[in-house]
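Counting with the numbering used here, you get residues 794 to 1507 for the letters of the sequence shown.
Glycine included, each C-beta is placed from N, C-alpha and C at the ideal position.
Read through the structure below, which is laid out as structure tokens, and then see the notes.
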Amino acid sequence: MSKEIEDHRLLNPSNNEPFSSVLEKHVSRRRVMQGGLGLAAMTVLGGFGLAGCDSSDGDTSTPGSEKTPLSLAFDAIRGSLTDAVAVPAGYTAQVLIPWGTPLNSQAPSWSEDLSFTPDIQANSVGMHHDGMHNFALDENNASRNFLLAMNNEYIDQGALWAPQGGPTNAAEGARPADEVRTEINAHGVTIVEVKKNGDGRWRHLSNSSYNRRFTSATEMELSGPVAGSDYVKTKYSPDGTMTRGTNNNCANGYTPWGTYLTCEENWPGYFIKDAGRELDDNRLGISEGRGRYGWETAAGDASEVNDEFTRFNATPTGNSATDDYRNEPRTFGYIVEIDPYTGARAVKRTALGRFRHEGCWPGKLVEGEPVVFYSGHDSRNEYIYKFVSDAVWDPADANRPGANYDRLAIGAKYMDKGTLYVARFDADGTGEWLPLTPDAKTRDGRTLAQALNLAANDLAGVIINTCDAADMMGATPMDRPEWGAVDPASGDVYMALTNNSQRTEDGSAATYTNDGSDVEELGVGFATAPTNGPNPRADNSGGQVIRWREGSSDATRFDWGVFVFGAAVNDADNYSGLTELNQFASPDGLHYDDRGDEQGILWIQTDNGYDNVTDYTNDQVLAVVPQNVSQAEGDAAVIGGADQAQLKRFAVGPNGCEVTGIFFTPDKTAMFINIQHPGNWPSTEDASAETEGTVRPRASTVVIQREDGGKIGV
């Protein structure tokens, strides 16, 4: 989630024990202040299999430990506060496909005074680049020519409407229909073919048959348990099988069968509902009054087609759901599967839950075992989820790059039927995946269907009310789960918990509030959480990265611990011992860079608003080889004072930006990252060139390469 559009409301009405409290029990403040995370960190993170804190039935092996050691060969760079991308010596950074780049001849070339129309934006790269992934066209040329699938999370109305001095009626009054259409077309997903030239520079292929956009107006299918149910029937789709658009797509995922997963995160802000509110409307934060950009105010315009604007107002107006759009928000909040090769209609996979999905990451893939996906709900005191397919993995379903076949049918096989779980983290360093099924037993002994007042077999109802179901099962509220990453050898899962400002001093009790400021029925939610051992700060602006490993014989159990704490170098609570060359806060993007026979690299991106760090550097990219950090002993932290040479700052973004979206070419010679919402950048194709004067800011993809053409980082 970009901090630019973060929803600060506390929407969790449960009294489940928050992660802060679990951590307080897991590791005492005294032991942290003595210098580390203690025995829990040693057993859970150092070895994952030592006695006393393991759910894998005595298996003390560490999968992947037999790989060839790998060391980071670049020198960590200092912080930067410029309108430029900073990279290590010996590296270059190139701007690629910034917002507004034409995808075909139906859109004009970029100019500083370009006035956007709905058609121009529909045929150009979307706004505010975020999660992305690469899809080979030819396995033999996969590192030089591929499809780039990329999220366009939200918009900067000031930059979009700069030639006219800003948007019309941004805060009140009816928005012009064509302005709304343009903004709708700036959201969603961009698919674009890119290619490496002989001189090592990259370019996009304009007019490639693969280039296309999926926007907030594109027709999409609903699939899985919710499809066809009464919960999603609307005037547009009386049978509940279709919807229009995907919104606020933050992080992403991919599948082993070659499709792109885009994840709907802060989508509730686009809808309003002034009456007829349901529990899920309140729990997810559908607003009253006016939507984020006021799209619903264009309803009734003489040019409106098929209720294209009316649908953003979910207030009931007819006799039944098929007469209006009361259920339109229930067609959002899902993982959306896209075949980047064919342009087939995208599909919303409802079995993976309905909430504010940050991303969706595949777990370790094993022939004959279920396919697993992990996802986090990026809001304060929300949860981490896992989906386990009913079907087991068949290598015959693996992607065949460039081939034209029905990948979405394979997606239906693995993603439409399975079990959705939510995580409970226990203080002893273990945890349990709790099933979100109608017959699952809640803490008070009722079935989940009974607790939600649903029919005994109403899985669709459970999915619609995913967050309430997780509350009732006793899941652990977390500190804003952001991106995840999986080591495909060991199966270790990393997840960034970016921050939580709702904390009080150590020794205070958790407090709750009856927050009626936005929704009267919102009820009791967490207002604060006490500090704890791994988070001993009253305002957790630093955040942390956690790690867990699934049980080898029980897929519902796991071991967990904290991998690294974010902090400024001079903070009293700098528990990972960070220095000037690696201090960071608010970890956001994560990527596990698998190196085959060599050990892998974990890359950490930030979306920081913590002054103690932002006064020194803009948002950044850091790298660490997890196997090279201390195998903790006694009170040593997983990343502690002895490990500072292992955690290195690799790149820094320009002023005002968030650094996000990351992948590597298969040969590891090019890193692709996204620069979102820069303040005054870029001015040239050289991303590392500092902007002179003032430019119309454009989110852009940046390609980082070594000058000698070698592998990144080593």
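- M943 has M925 and T983 as its beta-bridge partners, per DSSP.
- Inclusion of Q1413 and H922 in the CB contact set at 8 angstroms is not warranted, their separation being larger than that value.
- E965 counts as exposed, since fewer than 16 other beta carbons sit within 10 angstroms of its beta carbon.
- The criterion of a C-beta distance shorter than 8 angstroms is satisfied by K1210 and A1144.
- Beta-bridge partners of W1154 (DSSP): Y1167.
- Distances from the alpha-carbon of D1073 to those of N1120, R1104 and S1113 put N1120 closest.
- Counting only runs of 3 or more residues that sit fully inside the stretch 1111-1142, the beta strand (DSSP E) segments are 1128-1131 and 1140-1142, in chain order.
- Three or more Cβ pairs closer than 8 angstroms define a contact, and the stretch 890-905 falls short of that threshold against the stretch 866-878.
- Contact check between the stretch 1219-1226 and the stretch 1115-1131: fewer than three CB pairs, one atom from each, fall below 8 angstroms, which does not count as touching.
- Setting aside the 5 residues that flank it on each side, D1232 is surrounded in the same chain by T1240, each with a C-beta closer than 6 angstroms to its C-beta; the list follows chain order.
- Bounds of any alpha helix (DSSP H) do not take in A1044; it lies within the beta strand (DSSP E) bounded by N1042 to Y1047.
- DSSP lists K988 as the bridge partner or partners of N938.
- Comparing alpha carbon positions, the residue from P1049, F1007 and T1034 closest to L1158 is P1049.
- Beta-carbon to beta-carbon, N1405 and S1379 are separated by about 11 angstroms, too far to satisfy the 8 angstroms threshold.
- With a 10 Å radius around the Cβ and a threshold of 16 neighbouring Cβ atoms, P1018 comes out buried.
- Around the beta carbon of R1083, fewer than 16 other beta carbons lie within 10 angstroms, which makes this residue exposed.
- In its chain, beyond the 5 residues on either side, T975, N978 and A979 have a beta carbon closer than 7 angstroms to the beta carbon of Q914.
- The stretch 1201-1246 contains, as complete beta strand (DSSP E) runs of 3+ residues, the segments 1211-1218 and 1223-1228 (chain order).
- DSSP lists Y1047 and I1131 as the beta-bridge partner residues of Y1053.
- Here N1106 carries a strand assignment [DSSP, helix/strand/coil].
- Beta-carbon to beta-carbon, N1040 and S1080 are separated by about 14 angstroms, too far to satisfy the 8 angstroms threshold.
- When secondary structure is reduced to three states using DSSP, A1289 falls in the strand class.
- Contact between the stretch 899-910 and the stretch 1442-1453 is absent: fewer than 3 CB-CB pairs across the two stretches fall below 8 angstroms.
- Inclusion of L1383 and V1417 in the CB contact set at 8 angstroms is not warranted, their separation being larger than that value.
- Per DSSP, T1399 is one residue of the beta strand (DSSP E) stretching across E1391 to T1399.
- Using a Cβ distance threshold of 8 angstroms, G1195 and Y1134 count as a contacting pair.
- Here DSSP, grouped into helix, strand and coil, assigns A1068 to coil.
- Beta-bridge annotation (DSSP): T1484 is not paired with any residue.
- Distance from the CA of I1466 to the CA of P881, rounded to the nearest whole angstrom, comes to 15 angstroms.
- According to DSSP, residue pairing for I1455 in a beta bridge involves I1466.
- For the set D1251, I1203 and L1395, the Cα lying nearest the Cα of G1277 is the one of L1395.
- Burial state of N1375 is buried, judged by a 10 Å Cβ sphere holding 16 or more other Cβ atoms.
- Counting along the chain, D1261 sits inside the alpha helix (DSSP H) bounded by residues T1259 to M1266.
- With a minimum length of 3 residues, the unbroken runs of beta strand (DSSP E) contained wholly in the stretch 1327-1377 fall at 1337-1343 and 1350-1358.
- Nearest to G981 by alpha-carbon distance, out of G951, L998, C1056 and Y1024, is C1056.
- Annotation: the continuous alpha helix (DSSP H) that includes D912 extends over P911 to A915.
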